[in-house]
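Peer 1: In mature numbering (1 follows the signal peptide of the UniProt record, and there is no 0), the protein residues as written are -21 to -1, 1 to 993.
Backbone N, C-alpha and C fix where the C-beta goes; we use that ideal spot for every residue, glycine too.
Since the model is a prediction, treat every value here as computed from it, not as a measurement.
Next up is a structure, given as structure tokens.
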């Protein structure tokens, strides 16, 4: 922490003061001032990781208010936490920082205020003299030096007040400086505003004055409660200054964007300050909650200052409720604001209008209307007009700042402002569309209705107004009608909740489609595209209600894409098309022929716009998914598009992800047999496995889909290439990610081609066995390894036994079997557990291998039998019953055989004749339904009930699942058969001897299974 002593030394020696007092004698003044201002900000900042505020807030207020607290970290089971806690005096770094900032503020504020005042006076006098002419070179140089002093003194003062002052009540120098600032501003604004922007001195003067003008807003954010005591004079000055500035503008002739940069910035700062001040009234606590002492005011101020970005209005309301004295200050400030805004700003005895309504009238007539330059741009470059409007920002543009102020007025003084806005709407209803002035004021009224929609929701019946009035206005034909049409379409976004009513939504669809297909005005068509996007993206959207308009809407959007010359506007329409396809689902199949012809046209139209191609590919993905099997209509376009997107070329960098997703979707809807064109893309997928570009998941899905589509014949012809590609992909990703991603695809290929699959993936199986024996397999891979080995053991037992031929034969196999039995519980999917059980049971044919482990094998078999066949006894339940003293007779009665099967321990689970029957009985057997879904998830995406027809790939996977021997073979019969083989080899006495190795409760359940199997 060398920074703090360095700053302290620098300030205590008054080096900065000396530099500011004589910048010509010490050229380093700006650098030192910037250093000090930045250091103060860094010292005051509290850096926290994302998500840490929730843990910190309960102790933050108390910690910031108490100099004996600091931010400390503690570690517990859930991880590290941060909190404010008391520490001994002198040991708190946070406390030292806070004390240093307070000390710096108390020492420097009075001296810097004096420097600031003298600099401001010298600048004001000098600029006046330069404006009158005849100023000497020395005078100009003196003004330049004074500007440097004023600018950097202002920056340091601002940082000290924001970060070094806890409460204005404890810092009279702060109030003195802010008062000096307010007193001096008028003398600076005039000369600075008249200064020439072409001259360096003029630009410097204006930038400095604007920075000073922004200080009250910054202090307001940092000290929302402390600022209440001096709020009224600032509000009075900024409000009246804004009113005077607006009164000087001429309606329609003065384009805000044509004003000087200084004038625009001046208006924005004025608008922002009044908007920020109005937040006081919006946060007023309910009556009766203002009581208590004033000790928490500084704490709440510090809390706001600590992190304004995370401190919301709701949090401040909660704070003033819990700390009533803060509410007292807030209520006093709110009452001051309301009293000022509602009082008369009379310039004459006859003028008694409230100040707020006077300013509202000026804002609505000077800042919000379209001007001559706007209309000229609309006519000459309509797309440029739309893009300029979308790019406007309330921080740097006047109109959005004015919009924010109007919304703040409506929130704060609804009872005063809402009648004025409703009156504007009433007058607008009678306005003539043949008069430009009346059209512009109607546009302003509708603009205000849009930005204030949330506050006016209860006062304006928008659904009926839109249906019975606005739709008719939007269809009016006059030279100025497009202005109102575009504005009405823009209202749809703001009043979207009103379109829950079917009549209003249908009217909106009709209006949007009419504009898209029939209007000649590009601004209106782009507004319709945006309105349609919001209507389709709405929570209340229903595909059935839009089905009748979908064809014309897509036609109109494609027309706008073709006519538009701006990439951003084309992108808006393309995204709207994509959204329609996504929300409509299979209901767009009737549009198959038109979509098949328009997609290539859309691609060709946007060929020059590189940034639009991903959006077009995404739209194609939606079309393929929506059309399903009918996607064959567009194969001539889709397959070349896939090839283009996945080329190892520059455009593949930004189209690869979309191209692979389109490839996946195309394979899902492809018909059997596989087309030559689709098969011709396979080498590209194989090449991607060499690239190492990180397309691991997509490549696995694509190769797996090829195998499922082509079946055993495909794998017999191209299986070695596919297997090599998958094994290469296993090496990608971090840690074991590659293995974990690829192994499910390998298991699927074993299902598709059981006879040849083990030989294809012999290297993988060998690695799995070796890793398990060496204990190197993490849990994330263990289950997949065991399932892979289980399937190989079932379909290719000689291949499985051959894995151990060179490493010890049966002894090595026994060692592996021990590992298998120890870790088999890590297999959790019911279908995978069944495959594991069947594989272990198949080893019964080797008595010398099974005999030492027979008890463990039987425990596995009994457990999986219970899980796989509802109605069979649970060994765990039997053990619990025995330990509870239920008695052998009761246990036997609960598990007695019935019709060749064990009777269920719960009447809810009825016995089924087979696993598939049990899986079909979804209503009566939740466990069986879950088991069925789990089996499906092993290797297939099964057809969905309801919605659109199942994809062809889903049907193929369902058929593959139904034909899978592991699924189709009843577990009990298979286990009984393998046990019979073992019994034949060891004899009855030997078999009884093996049974004696098992625990009594497992043996009891096993005997019942054995007897039930006959």
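Here's a check: name, in chain order, each residue in its chain whose Cβ is nearer than 6 Å to the Cβ of residue 1001, leaving out the five neighbours to either side.
Peer 2: Nothing can be reported for residue 1001: it is not among the residues displayed for the chain, which extend from -21 to 993.
Peer 1: Output the boundary residues of the alpha helix (DSSP H) element that contains residue 751.
Peer 2: Against the chain shown, residue 751 aligns to sequence position 772. Start and end: 741 to 753.
Peer 1: So is residue 95 buried or exposed if we call it buried at 16+ other beta carbons inside 10 Å?
Peer 2: Looking up residue 95 in the chain shown gives position 116. The residue in question, residue 95, is buried, as its Cβ has 16 or more Cβ neighbours within 10 Å.
Peer 1: Within the continuous alpha helix (DSSP H) that includes residue 593, where are the two ends?
Peer 2: Taking the chain shown and counting its residues from 1, the one referred to as residue 593 is at position 614. First-last of the alpha helix (DSSP H) with residue 593: 592 to 606.
Peer 1: Which residues does DSSP list as the beta-bridge partners of residue 333?
Peer 2: Start at 1 with the first residue of the chain shown, and residue 333 comes out as number 354. Paired residue(s): 323.
Peer 1: Report the start-end ranges of each alpha helix (DSSP H) in the segment 644 to 728 that is 4 residues or longer and not cut off at the edges.
Peer 2: Taking only runs of at least 4 residues, the alpha helix (DSSP H) segments lying wholly in the segment 644 to 728 are 655 to 658, 661 to 670 and 675 to 708.
Peer 1: Classify residue 440 as helix, strand or coil using the three-state DSSP reduction.
Peer 2: If you number the chain shown from 1, residue 440 lands on position 461. Reduced to three states, the DSSP call for residue 440 is coil.
Peer 1: Let's see if you can read the secondary structure: which residues bound the alpha helix (DSSP H) around residue 1017?
Peer 2: The structure shown does not extend to residue 1017, since the chain is modelled only from -21 to 993, so the question has no answer here.
Peer 1: With a 10 Å radius around its C-beta and 16 neighbouring C-beta atoms as the bar for buried, classify residue 770 as buried or exposed.
Peer 2: Position 791 of the chain shown, counted from the first residue, corresponds to residue 770. When all chains shown are included, residue 770 counts as buried.
Peer 1: With DSSP collapsed to three states, give me the class of residue 145.
Peer 2: Mapped onto the chain shown, residue 145 falls at position 166. Coil at residue 145, not helix or strand.
Peer 1: Keeping to the same chain, check which residues put their C-beta closer than 7 Å to that of residue 545; ignore five residues upstream and five downstream.
Peer 2: Mapped onto the chain shown, residue 545 falls at position 566. These residues qualify, in order along the chain: 362 and 366.
Peer 1: Compare the Cα-Cα distances from residue 206 to each of 252, 246, 227 and 163 and report the closest residue.
Peer 2: Here residue 206 is taken as the residue at index 227 of the chain shown, counted from 1. It is 252.
Peer 1: How should residue 633 be labelled, buried or exposed, when 16 other C-beta atoms within 10 angstroms of its C-beta is the threshold for buried?
Peer 2: Start at 1 with the first residue of the chain shown, and residue 633 comes out as number 654. The residue is exposed, with fewer than 16 neighbouring Cβ atoms inside 10 Å.
Peer 1: For residue 1033, collect the residues of the same chain with a Cβ closer than 7 Å to its Cβ; drop the 5 residues on either side in sequence, then sort them by chain order.
Peer 2: No statement about residue 1033 is possible, as the shown extent of the chain runs from -21 to 993 and does not include it.
Peer 1: Short check: CB of residue 491 to CB of residue 541, under 8 Å?
Peer 2: Counted from its first residue, the chain shown places residue 491 at position 512. Counted from its first residue, the chain shown places residue 541 at position 562. No, the Cβ-Cβ distance between residue 491 and residue 541 is not below 8 Å.
Peer 1: For the segment 489 to 554, list the alpha helix (DSSP H) runs that are entirely contained and at least 4 residues long, ordered along the chain.
Peer 2: Counting only runs of 4 or more, we get 501 to 516 and 522 to 542.
Peer 1: Measure the beta-carbon distance from residue 646 to residue 684 and round it to whole angstroms, keeping in mind my assumption that it falls under 8 Å.
Peer 2: Along the chain shown, read from residue 1 onward, the residue named residue 646 stands at position 667. Along the chain shown, read from residue 1 onward, the residue named residue 684 stands at position 705. At roughly 4 Å, the Cβ-Cβ gap stays under 8 Å, so residue 646 and residue 684 are in contact.
Peer 1: Taking 8 Å as the cut-off, does the segment 373 to 388 touch the segment 403 to 412 (at least 3 CB pairs, one atom from each stretch)?
Peer 2: Contact fails: fewer than three Cβ-Cβ distances are below 8 Å.
Peer 1: Among residues of its own chain, excluding the 5 on either side of residue 816, which ones have a beta-carbon nearer than 7 Å to its beta-carbon?
Peer 2: The count along the chain shown starts at 1 and reaches residue 816 at position 837. Correct list, in chain order: 839, 840, 843 and 950.
Peer 1: Short of 7 Å in beta carbon distance, which residues of its chain neighbour residue 982, apart from the five on each side in sequence? Order them along the chain.
Peer 2: Taking the chain shown and counting its residues from 1, one reaches residue 982 at position 1003. 974, listed in sequence order.
Peer 1: Can you list, in chain order, the residues of its chain whose CB lies under 8 Å from that of residue 589, leaving out five sequence neighbours each side?
Peer 2: The residue given as residue 589 occupies position 610 in the chain shown. 630 and 633.
Peer 1: When every heavy atom of the ligand PLP is checked, does at least one fall within less than 7 Å of the C-beta of residue 359?
Peer 2: Within the structure as shown, the ligand PLP is missing, as the structure has no ligands at all.
Peer 1: By Cβ distance below 7 Å, which residues in the same chain neighbour residue 706 in space, the five residues on each side in sequence not counted?
Peer 2: Sequence index remark: in the chain shown, residue 706 carries index 727 (1-based). Counting only Cβ-Cβ distances below 7 Å, and skipping sequence neighbours, we find 742 and 743.
Peer 1: Could you please give the first and the last residue of the uninterrupted alpha helix (DSSP H) stretch that includes residue 847?
Peer 2: If you number the chain shown from 1, residue 847 lands on position 868. That run of the alpha helix (DSSP H) goes 833 to 847.
Peer 1: Apart from the five residues on each side of it in sequence, which residues of its chain come closer than 7 Å, Cβ to Cβ, to residue 558?
Peer 2: Residue numbering aside, residue 558 sits at position 579 when the chain shown is read from its first letter. The residues are 512, 515 and 516.
Peer 1: Go ahead and pull the three-state DSSP assignment for residue 124.
Peer 2: What you label residue 124 is simply residue 145 of the chain shown in a count that begins at 1. Helix, per DSSP.
Peer 1: Whole angstroms are fine: how far does the CA of residue 622 sit from the CA of residue 138?
Peer 2: On the chain shown, position 159 is the one that residue 138 refers to. On the chain shown, position 643 is the one that residue 622 refers to. Near 58 Å, if we compare the C-alpha coordinates of residue 622 and residue 138.
Peer 1: Considering only C-alpha positions, which residue in the set 667, 643, 654 and 952 is nearest to residue 627?
Peer 2: Counting from one through the chain shown, the residue named residue 627 turns up at place 648. Nearest of 667, 643, 654 and 952 to residue 627, Cα basis: 667.
Peer 1: In three-state terms, what does DSSP make of residue 985?
Peer 2: As a first step, residue 985 must be located in the chain shown, where it is residue number 1006. Looking at residue 985 - three-state DSSP - the assignment turns out to be helix.
Peer 1: Can you tell which of 582, 140, 593 and 485 has the C-alpha that lies nearest to the C-alpha of residue 996?
Peer 2: No answer is possible for residue 996: the residues shown for the chain start at -21 and end at 993.
Peer 1: Given this structure, state the Cα-to-Cα distance separating residue 941 from residue 812, to the nearest angstrom.
Peer 2: Locating residue 941 in the chain shown gives position 962, counting from the first residue. Locating residue 812 in the chain shown gives position 833, counting from the first residue. Cα-Cα distance, rounded: 18 Å.
Peer 1: I need the straight-line Cα distance from residue 695 to residue 664, nearest angstrom please.
Peer 2: Looking up residue 695 in the chain shown gives position 716. Looking up residue 664 in the chain shown gives position 685. Rounded to the nearest angstrom, the two C-alpha atoms are 18 Å apart.
Peer 1: Measure the alpha-carbon distance for residue 481 versus residue 441 and round it to whole angstroms.
Peer 2: Residue numbering aside, residue 481 sits at position 502 when the chain shown is read from its first letter. Residue numbering aside, residue 441 sits at position 462 when the chain shown is read from its first letter. Taking the straight line from one Cα to the other gives about 13 Å.
Peer 1: Measure the alpha-carbon distance for residue 976 versus residue 799 and round it to whole angstroms.
Peer 2: Translated into the one-based positions of the chain shown, residue 976 becomes position 997. Translated into the one-based positions of the chain shown, residue 799 becomes position 820. Distance between the alpha carbons of residue 976 and residue 799 is about 19 Å.
Peer 1: May I have the straight-line CA-CA distance separating residue 996 from residue 932, to the nearest angstrom?
Peer 2: Because the chain spans -21 through 993 in this model, residue 996 falls outside it and cannot be assessed.
Peer 1: I need the straight-line Cα distance from residue 123 to residue 133, nearest angstrom please.
Peer 2: Counting from one through the chain shown, the residue named residue 123 turns up at place 144. Counting from one through the chain shown, the residue named residue 133 turns up at place 154. Cα to Cα, residue 123 sits roughly 15 Å from residue 133.
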